[in-house]
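Protein chains: 2
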Amino acid sequence: MSAEAATTGEAWEDVTPDAARRLVIAAVQAFAERGYHATTTRDIAGRAGMSPAALYIHYKTKEELLYQISRVGHQRSLAMLGEARDTAGSAADRLAAAVRAFVRWHAEHHTTGRVVQYELGALAPDHYTEIVGLRRQTEDAIRTIIADGVAAGEFDVPEVNGTTLAVLSLCIDVARWFNPAGRRTPDEVGALYADLVLRMVGAPREP
Amino acid sequence: MSAEAATTGEAWEDVTPDAARRLVIAAVQAFAERGYHATTTRDIAGRAGMSPAALYIHYKTKEELLYQISRVGHQRSLAMLGEARDTAGSAADRLAAAVRAFVRWHAEHHTTGRVVQYELGALAPDHYTEIVGLRRQTEDAIRTIIADGVAAGEFDVPEVNGTTLAVLSLCIDVARWFNPAGRRTPDEVGALYADLVLRMVGAPREP
DNA sequence: TGGGCGGGTGAGCAAGCGCTTAGCGACCCG
DNA sequence: CGGGTCGCTAAGCGCTTGCTCACCCGCCCA
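Here the protein sequences come in this chain order: H and F.
The numbers in this note's numbering rise by one with no breaks, and the one at position 19 of the first sequence is 351.
The numbers in this note's numbering rise by one with no breaks, and the one at position 11 of the second sequence is 343.
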């Protein structure tokens, strides 16, 4: 297994049996590289070291694989942001923590992130609807923190909704451009982005 | 032709003959809705009101259609940002103008923008290389303005390269989420984003 | 010992894909 | 009037796709 596969795998430890986990990891990598529609079931099975037919023992369809990936990924995002929203501390601290965690995750797991954030259009209609619901909840988590900051007089933003969208947009897009071979580590990008976001909301920062 | 087709069409006025233009417009809409790989040549031809074979009179392959769209779109982006970089005025003015124009374009032509920004992975290797070159130039334009601002003492940024990436990322992602049926007009999003970006670079703004 | 069962394979089917080819009508020019 | 050209179509070719099916192997417990 390549180093890339190892990092992709870390996020899927609890998928069993082993063959099913190998298939998710293979699917994440293939979907991230080529996109859902350009990926063949033969490619996924091949990466997992199995014959094409073996895929259908563990998953009903190719779309179900995408759905599992998308669902788990969105739930993790939501858990991360929800936690940041609900901890004690100033709005600035909570916003910085949320952005740091969210960005770090999208950098570290940029293959998974790419699939989660950019391939949801390939989901079946009912799955798509469910995922959109999760996305609205993650949006709400960020909006709540920003609104809290405004209410407390900590933040000064031109428009809460638009700023929320911009913050999320900024974080999500990390999955698209992040390159593990580049100069920046996930931690560094997280710190940089947390700083940029605090500037965006007009929060006073330590010098 | 729908209202959507009309706005998509505005960007392709100079493609001739008429049938070729109808094909690009149809391709932009189809690629934006479903993605390149999920779009069939039959779908494109159908939207343009022609038989599947007619497509190949005007374009050698389906990929060539994507290449034309991608090339023209990137050239327009580059022209826009290059102009903003080269006009007179403070760095803050130039950065705000660049962001405003770039965001406005990605909102107004969000279908084209979606294809230009998110489908380049489907390009043939040599076309991909060419487009990546154009993208580096657009990145350079933004970086130059930010570096100018830092040199002039107008801006205070944690890191020029990372901030450049973040600014571009923010603007590009507008094409993904912008919804013309939503509450915000392209002008409003442009103004909001220009403000947010000035905050990010620590530029003093009029109150 | 043996039979069921979970996990796997090789071969292949029906459908849909990108693209080609033979031919057709409208038009322009000598 | 006649022939070449341009834009287009109907039909279909060769191939790949997602997915299925008949069969197989190793393991566990009666």
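Every residue gets a Cβ at the ideal spot worked out from N, C-alpha and C, and that includes glycine.
Within the same chain, T373, R374 and A377 come within 7 Å of H/P384 by CB-CB distance, once the 5 residues on both sides are set aside. At a cut-off of 7 Å between C-beta atoms, H/G445 does not count as an interface residue with respect to chain F. Around the CB of F/K392, fewer than 16 other CB atoms lie within 10 Å, so the residue is classed as exposed. When secondary structure is reduced to three states using DSSP, F/P457 falls in the helix class. Here the C-alpha atom of F/V499 lies approximately 13 Å from the C-alpha atom of F/A429. Within chain F, the C-beta atoms nearer than 9 Å to that of H/Y450 come from Y450 and R508, in chain order. Within 7 Å of the CB of F/T470, no CB atom of chain H is found; the nearest one sits about 13 Å away. For the C-beta of H/D458, not a single chain F residue is nearer than 8 Å; the gap to the nearest is close to 18 Å. Residues of the same chain with a CB within less than 7 Å of the CB of H/I474, apart from the 5 flanking positions on each side, are L413, A430, T496, V499 and L500 in chain order.
Around the beta carbon of H/Q407, a 10 Å sphere encloses fewer than 16 other beta carbons of the protein chains shown; the residue is thus reported as exposed.
In this structure, H/G405 sits away from H/T461, with a CB-CB distance that is not shorter than 7 Å.
Along the segment 516–527 of chain H, going in chain order, the ones with a CB nearer than 9 Å to a CB of chain F are R516, E520, V521, A523, L524, Y525 and D527. Burial is judged here by how many other beta carbons sit within 10 angstroms of a residue's own beta carbon; H/V464 has fewer than 16 and is exposed.
Assigned with DSSP and collapsed to three states, F/H438 falls in helix. Along the segment 485–502 of chain H, going in chain order, the ones with a CB nearer than 8 Å to a CB of chain F are P490, E491, G494, T495, L497, A498, S501 and L502. Between the segment 446–458 of chain F and the segment 361–373 of chain H, the count of Cβ pairs shorter than 8 Å is three or higher; the stretches touch. Look at F/Y450 here: in three-state DSSP terms it is helix. Under the DSSP assignment, H/N493 falls in the alpha helix (DSSP H) whose first and last residues are V492 to I504. Note that the C-beta distance between F/A352 and F/H390 is below 7 Å.
The C-beta of H/A411 has fewer than 16 other C-beta atoms within 10 Å across all chains shown, which makes the residue exposed. Nearest to F/A439 by alpha-carbon distance, out of F/G514, F/L466 and F/L397, is F/G514. At a cut-off of 7 Å, the C-beta of F/A377 has no neighbouring C-beta in chain H. Between H/R436 and H/G522, the C-beta gap is smaller than 7 Å, which places the two residues in contact. The beta carbon of F/C503 is closer than 7 Å to those of V431, F434, V435, H438 and Y525 in its chain, skipping five residues each way along the sequence.
Rounded to whole angstroms, F/E396 and F/S409 show a C-alpha spacing of 20 Å. For F/H369, the residues of chain H that pass the 7 Å Cβ criterion are G367, H369 and A370, in the order they occur in the chain. Taking H/T476 as the centre and dropping the five residues before and after it, the same chain places the C-beta of R417 closer than 7 Å to its C-beta, in chain order. Bounds of any alpha helix (DSSP H) do not take in H/M382, whose DSSP letter is neither H nor E. Taking the Cα of F/V506 as reference, the smallest distance to any Cα among F/A483, F/L387, F/H442 and F/L427 is reached at F/H442. Contact between F/L398 and F/L355 fails: their C-beta atoms lie close to 12 Å from each other, not under 8 Å. Cβ-Cβ distances below 8 Å link F/A479 to V492 in the same chain, with the five nearest sequence neighbours on each side left out; the list follows chain order. Against chain F, a Cβ distance below 7 Å from H/R531 picks out R531, M532 and G534. In this structure, the beta-carbon distance from H/D527 to F/P490 falls below 7 Å.
Per DSSP, the unbroken alpha helix (DSSP H) holding H/S402 starts and ends at K394 to D418.
With 16 or more neighbouring CB atoms inside 10 Å of its own CB, H/T470 falls in the buried class.
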